[in-house]
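Worksheet: one structure, shown below.
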Ligand SMILES: Cc1cc2nc3c(=O)[nH]c(=O)nc-3n(C[C@H](O)[C@H](O)[C@H](O)COP(=O)(O)OP(=O)(O)OC[C@H]3O[C@@H](n4cnc5c(N)ncnc54)[C@H](O)[C@@H]3O)c2cc1C
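Residue numbers (my numbering): 10 to 389.
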């Protein structure tokens, strides 16, 4: 351990970016991860039987508006030209998601143009807000109705969100829906503002492996921080990308997280596209993924009969389980701050990083951006 300047706990995209940048500046870095593979939650592997690149922790589409991040990531991979689109199933029919002009026309059995639809949705929202006495929306449900009216809200927003968070929409904050979730156009691109978008041709794990291929980096897998924490010399700086509450043995209580469970099957009865959301409460999962549709650079994979389908079920988080989404509310923010203060006291040499350490939902580009900024700060 004395040979290293830095110990990075977690070989996800955040930890790997920090490790690669530090190593490029001549620092000696030890990266540990308790899983038997690198890449964290962007881990993908090729299923031998079908040649399909499976996203073990759910669909990951790289998209960013940040040139700096794109320039950085493309040093380690080529991306295909995949553009993400999603359909959502409601009462047996598929609708484009996010809600666009076609979604509205299909739901109402209408044929409105953009201007007519905009006027129509505004009128629906006004009428239903009045019906329920909504002036200042106090929760997700009121906000949804006040933005799109009851019918669109009930069809596409209510049940999906309630399944995801396992609570009534009236218990969720209005802020989750900050602006009108509707496009009055036929544009069905999921990431409409992404300047760069795609799927890495060789999968995500390869990116991380390439980042960590540096003579200044050593990687130790199946190694938990807990097992080695007493051997770390004082002069070694720790970048910790795990859960902050777990680091302190949940001393102040469990931070609220949401978890997920995936049910996978190889089947000839695929989805016909990469992702279908399930908007109705009778279907217990929120979405299904059919991973072959990401491999557009390999038409023989997309064109084969077999699919690798994974159904995503929301789940409550339990200690020792997989933490996916932080539950963002004022109480959890307060508890997080208390943990940060305690970590500073107990581990003066430790910097918190990554989505788990920061207790934030970050897309991959945001994780990379934060990692690049951290290394700049460390270099000063
Ligand atoms: C369902 C889902 C879908 C997503 N889809 C997209 C998408 O389409 N596009 C996008 O840009 N982003 C997406 N994201 C976000 C993306 O997954 C994150 O940005 C990314 O994983 C963050 O990387 P990280 O390194 O911060 O964390 P992680 O990938 O979670 O890495 C943390 C690592 O730390 C290790 N670790 C934790 N504790 C310890 C310990 N005590 N000792 C040793 N190792 C430890 C873990 O094993 C893990 O490997 C999605 C997220 C979810 C939940």
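Yeah, the Cβ is synthetic: ideal placement off N, Cα and C, and Gly gets one too.
Using a cutoff of 7 Å, the CB of residue 18 counts as near ligand 1, since one of the ligand's heavy atoms is closer than that. Per the coordinates, the alpha-carbon of residue 71 lies some 27 Å from the alpha-carbon of residue 34. Here the segment 54-72 makes contact with the segment 307-325; the two share three or more CB pairs at distances below 8 Å. If the five residues before and after residue 121 are omitted, its C-beta is found closer than 8 Å to the C-beta atoms of 110, 113, 114, 129, all from its own chain and listed in chain order.
Residue 286 carries a strand assignment under DSSP once its states are collapsed to helix, strand and coil. For residue 190, the closest alpha carbon among the candidates 166, 243, 21 is that of 166. Beta-bridge analysis with DSSP links residue 206 to 72. In this structure residue 352 touches residue 257 by the C-beta definition: roughly 7 Å separates them, less than 8 Å.
Excluding five sequence positions before and after residue 61, the CB atoms of its chain that fall closer than 8 Å to its own CB belong to 55, 300, 301, 304, 310, 315, 316, 317, given in chain order. Taking the Cα positions, residue 212 is about 20 Å away from residue 230.
With 16 or more other CB atoms across the displayed protein chains lying within 10 angstroms of its CB, residue 170 is buried. Between ligand 1 and residue 79, a heavy atom-to-CB distance of less than 7 Å is absent. The beta carbon of residue 192 lies closer than 8 Å to those of 107, 108, 109, 110, 201 in the same chain, with the five residues before and after it left out. By the neighbour-count criterion, in which 16 or more other beta carbons inside 10 Å mark a residue as buried, residue 220 falls on the buried side. A direct Cα-Cα distance of roughly 9 Å separates residue 180 from residue 147. Judged by DSSP in its simplified three-state form, residue 86 adopts coil rather than helix or strand. At a cut-off of 7 Å, the beta-carbon of residue 24 counts as near ligand 1: some heavy atom of the ligand is closer than that. Apart from the 5 residues on each side of it in sequence, residue 218 sits with its Cβ closer than 7 Å to the Cβ of 47 in its chain, given in chain order. An exposed status is given to residue 195, since fewer than 16 other beta-carbon atoms sit within 10 Å of its beta-carbon. The closest heavy atom of ligand 1 lies less than 7 Å from the beta carbon of residue 66.
If you look at residue 340, you'll find it isn't in any beta strand (DSSP E); it sits in the alpha helix (DSSP H) that goes 339-355. Short of 6 Å from the beta carbon of residue 354, and not among the five residues preceding or following it, lies no beta carbon of its own chain.
Taking the Cα positions, residue 45 is about 29 Å away from residue 73.
Placement of the Cβ of residue 234 at a distance of less than 7 Å from at least one heavy atom of ligand 1 is found. The beta carbon of residue 329 sits no closer than 7 Å to any heavy atom of ligand 1. Contact between residue 207 and residue 88 holds: their C-beta atoms lie close to 3 Å from each other, under 8 Å.
A distance below 8 Å separates the beta carbons of residue 18 and residue 247. C-alpha of residue 25 to C-alpha of residue 134: approximately 46 Å in a straight line.
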